[in-house]
Structures are given as structure tokens and as C-alpha cells.
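Below is one structure; the comments refer to it alone.
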Amino acid sequence: MAFSLNKIMLIGNLGRDAENRFTTNNLSVTNFTLATTNSYKGKDGNWVEETTWHNVVAYNLSDFMKEALKKGKKVYVEGRLTKRDYTDKDGIKRYVTEVRSDRIIPLEAGDKEPTVGPEETGAMPDVSSEENEDLPF
-3 MAFSLNKIML
7 IGNLGRDAEN
17 RFTTNNLSVT
27 NFTLATTNSY
37 KGKDGNWVEE
47 TTWHNVVAYN
57 LSDFMKEALK
67 KGKKVYVEGR
77 LTKRDYTDKD
87 GIKRYVTEVR
97 SDRIIPLEAG
107 DKEPTVGPEE
117 TGAMPDVSSE
127 ENEDLPF
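The sequence shown begins at -3 in the working numbering and counts up one residue at a time.
Below, the structure written as C-alpha cells:
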């Protein structure tokens, strides 16, 4: 089997407060957008800023982390890039690229970091499996 790697590391600011929900299997899912900015000198010699928006998905975050993920806050996100598709209510197939986070660290000076270190988010379990019915999360 060939070696492969899917790893993304981002530092940016939240574009909106994180949204939290639970799946039918009671799995906690948190979504938020993260803006990263790149600066470079344009052809005219002036500085140009480019902002890229990233959709981030995290599973089983602590209540502390859910409350810390507010619009404008700076965070470090580590995870993997994923793609998925769905059909919207008008029957149009849509494609989404997301960052499935493995680690989130608040970077704001006023934020208290968790005493056990950075927030390790859980990997997305196979929610379709009946074995997960008795899991406590």
C-alpha cells in the first residue's frame, strides 16, 4: 500500500459563532467557518490581502470549547480535508469541502486553555452502525 497523508493546519479567525447540534445517535457535531488571510505585493507594488474561508466540522467538543468558539476569535485547527455531496431541497446536487478537525486550540490572550492541553476532537464514528447505539456519546 502506498503512503498517503491528508493533514491540514490552519490559524485564523472565526467568521461566525460555532453552531452545535446532535445527530439522531446523540453525537455532538460543531460547525464553524474559519478565515485565513494571505498577504502579498501586487504587480503595482501595493499590498494585497486574500481571505480564504474554510468550513470546519468537529465532533464531541467539550462545553468549554463550544463556548470559546465565538465570531472573531483566533484559533488553531488541525485535521484533514474531506469532500462530500448532498442534494438540496430543490433537487440540485451540491458539493462541500470541509476540514474535519482533530485538534482545536484557542489563541486569544483572554481565553483560558483547557487544563489538560488542546482540545482533541473525536474522529467521526460510523453512525450508521447499530453497534454505536449503546455508546455513551
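Heads up, the beta-carbon is just placed ideally off N, CA and C, and yes, glycines get one too. Keep in mind it's a predicted model, so treat the numbers as computed, not measured.
Check, Outcome
"Bridge partners for D81 per DSSP, in chain order?", "Y91"
"Give me the Cα-Cα distance between F28 and N2, rounded to the nearest whole angstrom.", "20 Å"
"Any contact between the stretch 63 to 79 and the stretch 89 to 104? By contact I mean 3 or more CB pairs, one from each, below 8 Å.", "yes"
"Report buried or exposed for D98, applying the criterion of at least 16 other Cβ atoms within 10 angstroms of its Cβ.", "buried"
"Is V44 buried or exposed, if buried means 16 or more other CB atoms sit within 10 Å of its CB?", "exposed"
"Helix, strand or coil, according to DSSP, for D40 in the structure here?", "coil"
"With which residues is G11 paired in a DSSP beta bridge?", "Note: G11 sits in no beta bridge, so no partner."
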